[in-house]
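J.: This structure is in structure tokens; I'll ask about it shortly.
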Amino acid sequence: MKTISKLEKSKYFWFLVLASFIFFLLRWPSLYEPYWYGDEGVYQAVGILINSGEKLYSGAWENKPPLLPVLYALFNSDQFILRGLSLISGLVSVWFFLLAAMKLFPKSKYATIIATSIYVFLFGTRLIEGNIANAENFMILPIMASAFLIISNENFKKTLNYKIYLLAGFLLSISFLIKTVAVFDFLAFFTALLIYKDLSLKEKIKERIIPLTLGFSIPIFLIMFYFLTTQNFKDFMDALLLQNLAYVGYANEFLFPQGLLFIKGVLLLFFIIALYLYRKKLSMNVLFIFLWFGFSLFNVFFSGRAYTHYLITLLPSFCLMIGLAIEERKIRIPTVSALVVGSMLIYFTFNLKFEVLSYYTNVISFFAGQKSVAEYQSYFDPNTPRDYEIARYIKINTSSDDKVFIWGNNAQVYKLTGKTPLIRYTVTYHIINFPKGFSEMEEAIENEKPKLIVVMPNVPQFPFGLENYTEIMDIGGAMIYEKVL
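Oh and the sequence shown: position 388 is 648 in the numbering used here, straight run, nothing missing.
Below is the structure:
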């Protein structure tokens with residue numbers, strides 16, 4: 261009772277209640293969005309393949325670590341449930357963010373409240389795709405929990421230090437197994453703990469670095485061992501490492517392969533060196549936030565592609581930098597300068613969706629009966645009503661045993677129809693980008709003999725002849741062919 265009474269008297273407690281309620285309201289409409297987002301469509305189709313008995317990677321391809329595809333499979337690729345889990349994950353990350361901010365900004369409640377409020381707004385709205393059940397949306401929670409543990413470790417008994425850092429590393433590993441770019445958060449925390457001035461190098465390595473690294477490494481090695489024992493190791497490593505290296509290399513070529521990435525790496529190194537040289541003048545809180553911001557900014561531009569959801573990985577450190585600018589007057593100029601530079605780079609690189617108000621008016625208008633289903637769906641993507649029409653046609657004109665193949669990048673249609681993809685590559689761009697893609701596709705069509713083949717517009721021409729099929733329907737430019745022999 262004393263604890264409850266103490267919480268009720270805390271301004272932070274009531275602020276957290278309000279912030280949680282606002283976050284829920286901001287995210288609530290995402291539960292009722294149509295099936296429209298391409299990445300989610302791939303995860304949904306991969307989840308269907310896994311549940312049909314296929315092995316992840318060798319029989320159900322996704323170029324990400326295993327936890328997210330397994331999560332989709334576990335919940336039957338149900339978008340409502342997965343969006344709900346994304347909402348809960350984001351909500352709990354708000355709690356950890358507030359707790360971390362309270363530790364980092366002890367002198368100013370305004371710094372904590374403003375930083376947390378910005379975090380709630382940016383992560384709760386569509387601006388940086390907080391509404392999606394994507395990898396970044398799930399990986400932030402374990403990262404924030406790890407950051408809180410590291411920041412708060414001074415409050416634990418010394419005998420618990422090793423276990424706390426071990427747990428922090430484990431949480432970062434979970435994040436890495438959702439998406440590999442979490443390695444940059446690990447490196448940020450690792451570097452902060454290594455170069456801070458309070459202990460000797462030997463003590464820092466023994467008490468902090470080793471347990472953090474062990475906690476991070478052990479789950480990854482256990483997952484690797486699992487795929488090794490299931491004779492799926494090569495495909496796992498292709499997805500985890502080789503394909504991601506190729507993906508990053510493609511957009512980072514400048515003068516030589518990975519040229520842009522080399523330049524970004526050099527800039528990050530200079531940033532770290534500058535902080536190292538000034539480390540004796542910086543508190544752990546300042547060093548931690550600056551390093552995290554630097555590594556996160558590098559993370560955002562790492563692949564060379566301007567996908568909006570990448571910005572979610574920058575969100576915690578960005579908001580903490582805002583709080584730091586309020587908290588620490590002595591370093592306000594460099595803090596604000598770093599924020600301005602980062603914000604300008606983001607603004608001119610990323611296509612941000614400044615459609616926050618229209619997003620909510622769209623759902624309100626729909627529930628008020630002022631918009632049709634098609635109009636509501638079209639807000640998210642003009643092609644969404646077409647996908648639903650295709651799915652409706654397939655369900656009416658096929659039995660549960662009939663096979664369907666979709667030549668397009670809208671794998672969510674498989675979920676809408678309850679059909680299992682014919683091959684492990686669920687979208688056209690995966691088939692095109694992999695050496696065995698076309699041969700596996702041709703073999704599957706030959707062996708499985710799908711009743712319907714759907715050829716979507718705005719993708720490369722269908723690569724094989726359709727002699728045994730006849731064109732029977734055109735739905736919004738999508739051609740549907742039915743097997744005749």
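Built from N, CA and C at the ideal position, the CB exists for glycine as well.
In angstroms with no decimal places, state the Cα-to-Cα distance between His-569 and Thr-385.
T.: Each residue's alpha carbon lies about 12 Å from the other.
J.: How far does the alpha helix (DSSP H) with Phe-381 in it reach, from first residue to last?
T.: Taken as a continuous stretch (DSSP letters only), the alpha helix (DSSP H) holding Phe-381 covers 369-384.
J.: On the three-state DSSP scale, how would you describe Phe-450?
T.: Reduced to three states, the DSSP call for Phe-450 is helix.
J.: Within the same chain, show all residues whose beta-carbon is closer than 7 Å to that of Ala-395, passing over the 5 residues directly before and after it, in chain order.
T.: Lys-324, Leu-328, Ile-438, Lys-439.
J.: Answer yes or no: do Ile-410 and Ala-428 have a C-beta to C-beta separation smaller than 9 Å?
T.: Result yes, Cβ atoms of Ile-410 and Ala-428 sit closer than 9 Å.
J.: Check Ile-470 in the structure and name its three-state DSSP category.
T.: Correct three-state label for Ile-470: helix.
J.: Are the CB atoms of Asn-391 and Tyr-685 nearer to each other than 9 Å?
T.: No, the pair does not count as a contact, with Cβ atoms beyond the cut-off.
J.: Between Ala-407 and Phe-449, is the Cβ-Cβ spacing less than 9 Å?
T.: Closer than 9 Å, so yes.
J.: Taking all protein chains shown into account, decide if Arg-343 is buried (16 or more other Cβ within 10 angstroms of its Cβ) or exposed.
T.: The residue is buried, with at least 16 neighbouring Cβ atoms inside 10 Å.
J.: Assign Lys-541 to one of three DSSP states: helix, strand, or coil.
T.: Helix.
J.: Buried or exposed: Asp-458, going by 16 or more other Cβ atoms within 10 Å of its Cβ?
T.: Answer is exposed; the Cβ neighbour count stays below 16.
J.: Could you check the C-alpha separation between Phe-416 and Gly-583 for me, to the nearest Å?
T.: The predicted position of Phe-416 is uncertain, since its pLDDT is 49 and thus under 50; no value can be drawn from it.
J.: Roughly how many angstroms separate the alpha carbons of Phe-626 and Val-633, rounded to a whole number?
T.: Taking the straight line joining both Cα atoms gives about 7 Å.
J.: Quick one: give me the first and last residue of the beta strand (DSSP E) that Lys-743 is part of.
T.: Residues 738-743.
J.: Decide if Gln-304 is buried, meaning its Cβ has at least 16 other Cβ atoms within 10 Å, or exposed.
T.: Classification for Gln-304: buried.
J.: Just to confirm, are Val-380 and Val-354 a CB contact at a threshold of 9 Å?
T.: Their beta carbons are under 9 Å apart, which means Val-380 touches Val-354 by this criterion.
J.: In this structure, how does DSSP classify Trp-355 when only helix, strand and coil are distinguished?
T.: In this structure, Trp-355 counts as helix in the three-state DSSP scheme.
J.: Which parts of the region 525-599 are runs of the alpha helix (DSSP H), unbroken and 4 residues or longer, counting only runs that do not cross its ends?
T.: DSSP runs (the alpha helix (DSSP H)) wholly in the region 525-599: 544-562, 575-587.
J.: Unbroken alpha helix (DSSP H) runs of length 4 or more, entirely within the region 669-715: which are they?
T.: Counting whole runs of 4 or more residues, the region 669-715 contains the alpha helix (DSSP H) stretches 672-677, 688-693, 697-708.
J.: Whole alpha helix (DSSP H) runs in the region 286-351 with 4 or more residues, listed along the chain?
T.: You should have 298-311, 327-334.
J.: Would you check whether the ligand GTP has a heavy atom nearer than 8 Å to the C-beta of Ala-598?
T.: Ligands displayed in this structure: none; no statement on the ligand GTP is therefore possible.
J.: Buried or exposed for Thr-372, please, with buried defined as at least 16 other CB atoms from any protein chain shown within 10 angstroms of its CB.
T.: That one is buried.
J.: Can you check whether the CB of Ala-375 is closer than 9 Å to the CB of Ala-393?
T.: Their beta carbons are not under 9 Å apart, which means Ala-393 does not touch Ala-375 by this criterion.
J.: Which of helix, strand or coil does DSSP assign to Asp-661?
T.: It is coil, neither helix nor strand.
J.: Under the three-state reduction of DSSP, which class applies to Asp-647: helix, strand or coil?
T.: Here Asp-647 sits in helix by DSSP.
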